[in-house]
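One structure below.
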Amino acid sequence: MALRRTIIAVVLLAVAVFAVTSAEASAKRKKVPATASLQAVSADGIAGKLQTGPAPCRAARTVTVYMQNSASPATFVTVGTAITSGDGTWSIRGWAYPGTYYATVSGKTTRHYVCQGATSNAVTWWTSGAAS
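Count along the sequence shown from 1, then add 149; that gives the number in my numbering.
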């Protein structure tokens, strides 16, 4: 019984030390803001760019693209996802239906940075080529 209590005490101590160390490491990470832009919506697909500071915050970020499904109330459906390249660009190939689109980029934590998420501008695309 004493051995069991000792093991439990050691495990709890290890968990407490890990929690404090993790909190200190998180506090030391630099917070990096981000800006997302939806640059193209066409019959060829959808493309955009994530603009942020250091390279670790640009690469390998998950981008989710949404299309407006109804006007009142405004609801959106997921069109697809992409992963940013090293320069922050991303694309989803394939036909984009006429409508209004926007994208979100997930946040990311690296060893030295807390890379913030972002939401892009909205783009309305019609097959006549008009965009806003």
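Note that beta-carbon positions come from the ideal geometry of N, C-alpha and C, so glycine has one too.
It should be emphasised that the depicted structure is a prediction, and the values quoted were computed from it without experimental measurement.
Assignment of residue 210 by DSSP, reduced to helix, strand and coil, places it in the coil class. In the DSSP secondary-structure assignment, residue 229 is bridged to 214. Going by beta carbons, residue 194 and residue 234 fall outside the 8 Å limit. The bridge partners DSSP lists for residue 177 come to none.
By the 16-neighbour rule on beta-carbons within 10 angstroms, residue 183 is buried. Counting C-beta atoms within 10 angstroms of its own C-beta, residue 201 has 16 or more neighbours from the protein chains shown and is therefore classed as buried.
Only buried fits residue 237, as 16 or more other CB atoms lie within 10 angstroms of its CB. About 4 Å separates the beta carbons of residue 185 and residue 267, which is inside the 8 Å limit, making them a contact pair. Within 10 angstroms of the beta-carbon of residue 187 lie 16 or more other beta-carbons, which makes it buried. Put simply, of 222, 230 and 275 the residue whose alpha carbon is nearest the alpha carbon of residue 215 is 230. Residue 250 is bridged by DSSP to 216 and 272.
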